[in-house]
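Structure, as structure tokens:
Number of protein chains: 2
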Amino acid sequence: MTYKVGILGLGTVGTGTAQILSDPSGRHPLLTELEIAQVGVRSLDKPRAVDVPHSLFTTDLDAIVSHPDLDIIVELIGGVEPARSLILKAIAHGKHIVTANKAVISRHGDEIFDAANEKGVYVMLEAAVGGGIPVIQPLKQALGVNRIKRVTGIVNGTTNYILTRMKTEGADFADVLADAQRLGYAEADPTADVDGLDAADKIAILASLAFGGRIRLEDVHCEGIRHISSTEIDYAEKLGFTIKLLAIAQEDIPENSSDGTPQKLSLKVHPTLLPKSHPLASVDGVFNAILVEGDPLGQVMFFGPGAGAGATASAVVSDILNIAAILKTETEPIPHPLLSCTHQHFCAIAPMEDSVTRFYVRVKTQDSSGVIGQLGTCFGNHDVSLESIVQIGLSDKLAEIVLVTHHVREGDFRAALDSISKLSAVAEISSVIRVW
Amino acid sequence: MTYKVGILGLGTVGTGTAQILSDPSGRHPLLTELEIAQVGVRSLDKPRAVDVPHSLFTTDLDAIVSHPDLDIIVELIGGVEPARSLILKAIAHGKHIVTANKAVISRHGDEIFDAANEKGVYVMLEAAVGGGIPVIQPLKQALGVNRIKRVTGIVNGTTNYILTRMKTEGADFADVLADAQRLGYAEADPTADVDGLDAADKIAILASLAFGGRIRLEDVHCEGIRHISSTEIDYAEKLGFTIKLLAIAQEDIPENSSDGTPQKLSLKVHPTLLPKSHPLASVDGVFNAILVEGDPLGQVMFFGPGAGAGATASAVVSDILNIAAILKTETEPIPHPLLSCTHQHFCAIAPMEDSVTRFYVRVKTQDSSGVIGQLGTCFGNHDVSLESIVQIGLSDKLAEIVLVTHHVREGDFRAALDSISKLSAVAEISSVIRVW
């Protein structure tokens, strides 16, 4: 029995995928039952680093997804369209789907999973989050026996690479970004990575799996790293922190079974001052890591390459393998309850202003006595309690003050900042970053 | 449809398992289709912290494993017998097995898996290695698309706890061991942990899955931490290393497809000087971590609690869940090719003397000129090349010399050590530890 696979896209990941499938020796024996039957590309003339007969190549992707002989469609073209349409068409034709496309899943997951459940096919997405790290499967098939409380990830390699180099070299954001683009770690238009949008797609997917419900991408609060300066990296370091772009999905309000209030989540992507002792603090460069906390398990962390041909292809092929394994044994049209995503309800989201966190703030003020007192009082008036407030510098007659709050309510903090900004002694609020 | 579960043993892990199963809200919905039907205990009178009717308790474990209504037997009594016999009897009666028992699987895995494959039932063992960390499932169901080159683990929490405290407190092994026993992190008879035997059981299991073949426990070279002194911890620290008990399964000799030579592995448990920058170096206390390296994935690491009721129970229940999921969909008696272990051949093991590694050696010698030269020459005569050799101390007229070799062949190194020990200038070879 051979399972016929159609690959859409032969870029970096598609090439890596085809290379694994064409070279099964020394790998799981089930791989020998997988056959690349069709490869969809944009250009038939481009030379390809894969051992696949040219007769299997076509530019007609629609023909691939409706091809009667194919069992599994592997979507590796990326982007929202035509990927979404091709996936839906493939599902309509009874094909199982393997994808690495976090953008499509986070925006159109509802539609895609509804169609897949209706048709009785699987949609697998290990490669969509965390590159080669097996994290989707553990969330679906193992960690769900826990009550998950929080998922925290460094899930964007570009921003982690930039922040790591800013830390180790003391370099400026713009310089490191330019170098990252030159080296291929960042796109020509780096927005999706640098502004946190890619990380937001990914935490929406992780949250959906961890908390067993649908997530709207617009419910993810998203801040990127553009405003992180070498000054902040330096001060954070001195305070015993490292700055990471974290993607966080957490239970803010637990389910109340007595009055029926549902669990409420917050979903956030933002730079964070992370204590150096935290497991995620030592995850550097293009590596990703996802930390899952649940009851009664405690904490587990998955670490590995977040991108790259080999890593991502490993995840793609593991999904193809899992579908083939199920197809071998499954004769009833009952979907495997751990592989399919059948939750219907949307997760309830806690209002952002009720979210509780700590903040780091750097302000420039007039260098006059009583300024620290004014700041403290102003924050206090808004129920924002301060852990520390230190004048760390003086330049051009402006005092530079760094403060770290205790845990505070987001709404209160924003109101306090607003008042602070109106104080005549305050020249500039230079930086505001959340603290773990 | 309810899947009936018989639990053998209600110790720490059994209790944690029953607690999860009795309290499914907020967890994966499939858990509601699992029912604790029988619980096997040694004493019916002992008060139990589980919400399970006393009528389900029995001391007759043989009756449980042959009970016609049960689908899944969860073996949590530990030890080799009667666990092995009960598992085999359960299999003979067509029950699926979930176990946390690394001792039984590493010694009798052959027999158990032969019986299970013959009968068409599953034997799941996520909880046997790495406590709550999902690592068995990723190895079986995802990482196998790679050619795995090496698996390295900190898989014994007791020894990691001891080494961590020796490092942070500068304490002696004997004192920390005594304290660990007092706190319950080490057994009254600590041999299995301290002498590396538990870690050997675990790496045998990991190696079998990673390299797709059977492993004989006696092929695991095993050294524990009894000879690690606070002196070594200190010197290692100064040299930029931390000392960890590592369990390593690696490909020493790749398969040669042209002449048919099989892949050859080495399996080792030993204390190791690990560079502080290595991902495993920051894994402290009772945490475990397993690092898997393969082609084309690269490196992934799994980190989490290696023991404890909640953590291990999470792994046990995830296995029960996975069996239930398969039973829902599987109507053909074809075993799921990723969940069953059907490899028949034994992995070929490379001879220990051909193993290549680096070594740290501390010697005490007469304090005379030329001693360092003698040592260097003696090592050189045995093809052991030195990276560094430093006299670090002097006491009671004996010089204390620490040396680190380059990569050397084990056989050559042992011969060199033997010659060194015979030099008249050498008073004592105080310590020999492998270096990463």
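Protein chains in written order, with this note's numbering: chain A, 1 to 436; chain B, 437 to 872.
Glycine is no exception: its CB is placed at the ideal position from the N, C-alpha and C atoms.
Computed from a prediction, not measured in an experiment: that's the story for all the values here.
- Taking 8 Å as the threshold, the shortest C-beta distance from B/F738 to chain A falls below it.
- If you look at B/S713, you'll find it isn't in any beta strand (DSSP E); DSSP assigns it neither H nor E.
- Not one beta carbon of chain B lies nearer than 8 Å to the beta carbon of A/P68.
- Straight through space, the alpha carbons of B/K674 and B/P711 are spaced by roughly 11 Å.
- A buried status is given to B/A622, since no fewer than 16 other beta-carbon atoms sit within 10 Å of its beta-carbon.
- Those residues of the segment 2-13 of chain A placed with their C-beta closer than 8 Å to a C-beta in chain B do not exist.
- For A/T58, the CB contacts under 7 Å within the same chain, skipping 5 residues up- and downstream, are Q38, G40, I64 in chain order.
- Taking the Cα positions, B/N596 is about 13 Å away from B/P626.
- Residue pairing of A/H407 in beta bridges, as defined by DSSP: absent, with no partner found.
- In the DSSP assignment, A/G109 falls within the alpha helix (DSSP H) that extends over 102-119.
- For the 8 Å CB-CB criterion, B/G744 and B/G530 do not form a contact.
- Just so you know, the alpha carbons of A/A192 and A/N101 end up roughly 13 Å apart.
- Bridge pairing for A/C222: A/V269 [DSSP].
- Our two residues, A/I253 and A/L339, have alpha carbons roughly 28 Å apart in a direct line.
- In the three-state scheme derived from DSSP, where H, G and I count as helix and E and B as strand, A/E187 is classed as coil.
- Residues of chain A with a Cβ closer than 7 Å to the Cβ of B/N582 are, in chain order, R27, S314.
- Annotated three-state conformation of B/Q735 is strand, per DSSP.
- Among the CB atoms of chain A, one or more fall inside 8 Å of the CB of B/A747.
- Less than 8 Å divides the Cβ of A/Y235 from the Cβ of A/V402.
- For the segment 698-723 of chain B, residues whose beta-carbon sits nearer than 8 Å to a beta-carbon of chain A comprise Q699, P715, S718.
- Taking a beta-carbon distance threshold of 8 Å, B/E766 counts as an interface residue toward chain A.
- Burial is judged here by how many other beta carbons sit within 10 angstroms of a residue's own beta carbon; A/K140 has at least 16 and is buried.
- By the CB criterion at 8 Å, A/G184 and A/G224 fall outside the cutoff.
- Beta-carbon to beta-carbon, B/L466 and B/A760 are separated by about 6 Å, close enough to satisfy the 8 Å threshold.
- A/A427 sits in a strand when the DSSP states are folded into three classes.
- Distance check between B/R586 and each of B/K440, B/L682, B/P771, B/N724 places B/L682 closest, using alpha-carbon atoms only.
- Here DSSP, grouped into helix, strand and coil, assigns B/P518 to coil.
- Taking 7 Å as the upper bound on Cβ-Cβ separation, chain B lies near residues R27, H28, L30, L31 of the segment 27-49 of chain A.
- For B/I508, there is no enclosing alpha helix (DSSP H); the enclosing beta strand (DSSP E) has its first and last residue at 508-511.
- Proximity of chain A to B/I808 at the Cβ level (cut-off 9 Å) is not reached, the minimal Cβ distance being about 36 Å.
- In the structure shown, the three-state DSSP call for B/H532 is strand.
- A straight-line Cα-Cα distance of about 17 Å links B/M602 and B/N724.
- Three or more Cβ pairs closer than 8 Å define a contact, and the segment 731-751 of chain B falls short of that threshold against the segment 522-529 of chain B.
- In this chain, the beta strand (DSSP E) harbouring B/F677 covers 677-689.
- B/Q455 and B/P483 have their C-alpha atoms roughly 14 Å apart.
- In chain order, P732 make up the part of chain B whose C-beta sits under 7 Å from the C-beta of A/G16.
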